[in-house]
Structure formats: structure tokens, C-alpha cells
Amino acid sequence: MTPKSLFGLILTFIVVLVGWDSFYIVTQIERAVVLRFGQLVAPDVQPGLHIKAPLIDKVIKFDARLLTLDAPPERFLTQEKKALIVDSYVKWRIKDVGKFYRSTAGSVLQANRLLSQRVESGLRNRVGRLSLQEVVSGKRDELMEELTKVLNKFTEENYGIRVNDLRVKRIDLPPQVSDSVFERMATEREKEAQELRSQGNEQAEITRATADRERRVLLAEAYREAEKIRGEGDAKAAAIYASAYNQDPEFYAFYRSLHAYKESFKENNGMMILEPDSDFFKYLKKAYRQPKSPANSSE
1 MTPKSLFGLI
11 LTFIVVLVGW
21 DSFYIVTQIE
31 RAVVLRFGQL
41 VAPDVQPGLH
51 IKAPLIDKVI
61 KFDARLLTLD
71 APPERFLTQE
81 KKALIVDSYV
91 KWRIKDVGKF
101 YRSTAGSVLQ
111 ANRLLSQRVE
121 SGLRNRVGRL
131 SLQEVVSGKR
141 DELMEELTKV
151 LNKFTEENYG
161 IRVNDLRVKR
171 IDLPPQVSDS
181 VFERMATERE
191 KEAQELRSQG
201 NEQAEITRAT
211 ADRERRVLLA
221 EAYREAEKIR
231 GEGDAKAAAI
241 YASAYNQDPE
251 FYAFYRSLHA
261 YKESFKENNG
271 MMILEPDSDF
281 FKYLKKAYRQ
291 PKSPANSSE
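So in the UniProt record's numbering, the last spot in the sequence shown is 299, and the numbers never skip.
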């Protein structure tokens, strides 16, 4: 290869290299700035194909999408001097690329550090003006909206950053306080359970007493009804006996005597001590003294 050809090849390579370095592309998810000898010459390059001075200009690109700052949990004091551990996060994006580059030197880490400081300061000031109940439930949303507006105004003016949202992920008590709080909660729940048990036992005693009283009343009424029915039965039985006795008193007396004999002598080892002329053996004596019939005498 001749020197002339080599020179031409080198020149062509340099031209291609310079031409390649003269163009750059910024995508839809990017923003860029152009530096010339360290000085900012194009503070906000929009998406598209652009031309720059080769070997002199330097293009720095930034992510234009929504970014997330997960702030570390911080310890804050409420209005009544109660400590809380607040864990929050911030959604932000670059609005003014030139201002962002000048304030953070183009470092997202530096931007997150500055944002984290502002969030920590804003939360500390606002939590200190609220009670524990307001922070946990009532005014937390209002607190976040107010702080987001204030933070966004400051960051847009100073850092070229737009804060889209600021939210609290979790609010906890410090570990040294949580145990005592949980113990107090358990004690209160145990006290409430004891009260409920006492009320239940009291109601149970009332129910038992009512049931026992109703049982006694029902038994008394049943006994009264039974005695009434039994008396009516005895009266009817007595009337029947009297009617039967009046129809044939002799037969009725005989029947009663037979029944008495049966009951008296149904046990083999039974013993009775009576006088010989007792009325108990009246019908036995009559049977013994009865004269024999003609049929019996012929036998």
C-alpha cells in the first residue's frame, strides 16, 4: 500500500469518525444536556436526532421517566412528644434538565439525597404539629398533600425536579415502646374479657334463677292438678264402693274378708296372733259350722 493510499484511508476513517460523533439521538424516555469544554450550551435537549460539534461537545442523558425515592425510616415526635417511626417514599421526575444538572451535577444519587433531606425536614415539622391520632388516621392524607405541594414548589425552583407524589408506607412505634404498648393493649383486652365474662355469669345466674322458679311453679301446679285428679278419682272410687256395698253388704264384706285372707297368708312364714273369737275369721267359722248337705251325709 502506497503512502498516498494509506493517507487517504486514514483521512476517510477520521471523516467517518467525526461524522459519527456529530450526531446523537435522544429517545422518548430520555432528556439530555450538551456540554462544551465543561460549559452548559444546550440545557434541555428534546427527544429526536440532533447535531453537535464533534470531539468538542459532550452529551449527557438522563432518565425522563417517573423515578422512586424510597426514603429510609425516620424517628419523629408528635405534638404530645410520642415517638413514631415513619417510612415514606417519593415519586419524582426531571422537569428542567439544565437546572437539574447544575444543582446535582447530573447525579441521580445526589438528587435522591437532597430530596430525602427535604422530605425528612418537612415530615418532622408537620408531624410535630399533630397528635398521634391525627398522624395515624385523621389527617395523614391532608399532611401528605400539603407536604407534596410545598416540596414540589421548592424542588422545581431549586433542583428542576417535579415531585408527583409523597406517601407514607408505614407508621410504627419504636421497638422499646412497642412492647409496653402491646402489654397495655393485652391488659385492656383481658380486663374487657373479664367484664364480659362477669356480665355473662350474672346473666347466667339470672337465667338459672328464673328457670328454677318456673320449674318450682310448674311442679307445684302439676302437683296441685295431680292431687285434684287423685281426689276426684278417690271420690269416684268411694262412690262406686259405696254403691256396690249398698247393693249387697254381706257379699261385699265377704269379698273384703277373702282379700284380707289372701294378703295375710301369701307369705309362707307369716305369723298372726289373734284371739279365737276375732271377727277376722268370721267367715271361716261360718264355713266350719255349716251343716252338711244330704249329698255329703250319704257319702
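Positions of the beta carbon are idealized from the N, C-alpha and C atoms, including for glycine. Nothing here was measured: the structure is a model prediction, and the numbers come from that model.
Identity of the residues DSSP links to residue 241 by a beta bridge = For the purposes of this step, residue 241 is taken as residue 241 along the sequence shown, with counting starting at 1. Residue 241 pairs with nothing; no bridge assigned.
Whose C-beta lies closer than 7 Å to the C-beta of residue 304 among residues of the same chain, with five residues either side of it excluded?
-> Because the chain is modelled from 1 through 299, residue 304 falls outside the range shown and cannot be assessed.
Do residue 161 and residue 95 have their C-beta atoms within less than 8 Å of each other?
-> The residue given as residue 161 occupies position 161 in the sequence shown. The residue given as residue 95 occupies position 95 in the sequence shown. It is a contact, given that the beta carbons lie within the stated cut-off.
How many whole angstroms separate the CB atoms of residue 98 and residue 44, which I take to be in contact at a CB cut-off of 8 Å?
-> By one-based count along the sequence shown, residue 98 stands at place 98. By one-based count along the sequence shown, residue 44 stands at place 44. 6 Å between Cβ atoms; contact.
CB-CB under 7 Å to residue 49, same chain, minus the five flanking residues each way: which ones, in chain order?
-> Your numbering for residue 49 matches position 49 in the sequence shown. Same-chain partners within the cutoff: 23, 25.
Could you give the DSSP three-state label for residue 3: helix, strand or coil?
-> Position 3 of the sequence shown holds residue 3. Residue 3 falls in the helix class under three-state DSSP.
Going by DSSP, name the residue or residues bridged to residue 76.
-> Position 76 of the sequence shown holds residue 76. In DSSP, residue 76 forms a bridge with 84.
Environment of residue 130 [buried if 16+ CB atoms lie within 10 Å] = On the sequence shown, position 130 is the one that residue 130 refers to. Answer is buried; the Cβ neighbour count reaches 16.
Considering only C-alpha positions, which residue in the set 264, 108, 81, 154 is nearest to residue 124?
-> For this step, residue 124 is matched to residue 124 along the sequence shown. Among 264, 108, 81, 154, the Cα nearest to that of residue 124 is on 81.
Count the other CB atoms within 10 Å of the CB of residue 149; is the residue buried (16 or more) or exposed (fewer)?
-> Position 149 of the sequence shown, counted from the first residue, corresponds to residue 149. That one is exposed.
Could you pull out every residue in the same chain whose Cβ sits closer than 7 Å to the Cβ of residue 158, ignoring the five residues on either side in sequence?
-> Start at 1 with the first residue of the sequence shown, and residue 158 comes out as number 158. For residue 158, where only same-chain residues beyond five positions count, the Cβ hits under 7 Å are 103.
Taking all protein chains shown into account, decide if residue 32 is buried (16 or more other Cβ within 10 angstroms of its Cβ) or exposed.
-> Sequence index remark: in the sequence shown, residue 32 carries index 32 (1-based). Flag for residue 32 reads buried.
Is it true that the CB of residue 115 sits closer than 8 Å to the CB of residue 155?
-> Within the sequence shown, numbered from 1, the residue matching residue 155 stands at position 155. Within the sequence shown, numbered from 1, the residue matching residue 115 stands at position 115. Yes, they are a contact pair.
Check the C-beta distance from residue 151 over to residue 118 and give it rounded, since I have them as a contact under 8 Å.
-> Residue mapping note: residue 151 aligns to position 151 of the sequence shown, counting from 1. Residue mapping note: residue 118 aligns to position 118 of the sequence shown, counting from 1. Contact holds; Cβ gap of about 6 Å.
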